[in-house]
Amino acid sequence: DYTKKLEVEAKQWKQFLIDRNKTTKVEMNNLKEVKIGAIKVEDTQFYQLSSNDKKFFRQLPKIEDIVRLGQEFERNQTILAERMAFKSNRLRAHLTAISDELSATTRELKAQVFSSDPGEGGGSGHKDILDLLNIQSENQPGSSKLSAESA
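The working numbering applies: residue 413 is where the sequence shown begins, and numbers increase by one.
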C-alpha cells in the first residue's frame, strides 16, 4: 500500500518536472525574443504564449485586408458574370442567325428538288440533293465536291 503511494507520488513528481521544464523553455525563448526586440509584450502577457505562437499571430493578415480582398473578389466575380451574360446573349443571337440561314437554304434546296423538270434526274422529276449542293459549290470558289460517303 505504501509502495503504491510512493509510485503515484513519483509519477506526479516526474510530470511536475516535465511541466516545469516546458514552462522554463517557453520563458527562456520569450526572454531571448524580447531582448532581440522581435516581440514586445506586457508583463501580464509575458508567460502566456510561446514566442512561436506570438510570431504566428503577428504574421496573420489584418482583418481589414481580408475584407478588402473579399470585396475585390466579389466585384470581379460580378464583372465576369455580366461579361459572360453579354457574350452568351451575343452567341445565342449568332446561333439563331445561323439556324435561320440553314432553314432558308434547306427551303431553297427543297424547292429546287421539287421544281425540276420531269426529264432530269432519272425521269422521276426530282434532282438529287447532293447534285444540287455540288452545282452550288461549283459556283463558289474553294469548295469541294460532296458525295454520299462524305455526308
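All residues carry an ideal CB built from backbone N, CA and C; glycine is no exception. Since the structure is predicted, the reported quantities are computational estimates derived from the model, not experimental observations.
Next on the checklist: As a quick exercise: from Asn-464, Phe-428 and Arg-432, pick the residue whose alpha carbon is nearest that of Asn-442.
Outcome noted: Cα-wise, what sits closest to Asn-442 is Asn-464.
Next on the checklist: Is Glu-419 near the ligand GTP - that is, is its Cβ less than 7 Å away from at least one heavy atom of it?
Outcome noted: For the ligand GTP, the structure offers nothing, since it holds no ligand at all.
Item to check | Closest by C-alpha distance to Glu-445, when choosing among Lys-522, Ala-509 and Lys-467 | outcome: Closest by alpha carbon: Lys-467.
Checklist entry - Helix, strand or coil for Asp-413 per DSSP? => result Looking at Asp-413 - three-state DSSP - the assignment turns out to be coil, as it is neither helix nor strand.
Checklist entry - If you draw a straight line from the alpha carbon of Met-496 to that of Lys-522, how long is it in whole angstroms? => result Looking at the backbone, the Cα of Met-496 and that of Lys-522 are separated by about 38 Å.
Next on the checklist: Quick check on Ala-450: does DSSP put it in helix, strand or coil?
Outcome noted: Residue state for Ala-450 is assigned as coil, using DSSP reduced to three classes.
Item to check | Range of the contiguous alpha helix (DSSP H) that encloses Lys-499 | outcome: For Lys-499, the enclosing alpha helix (DSSP H) has its first and last residue at 475-526.
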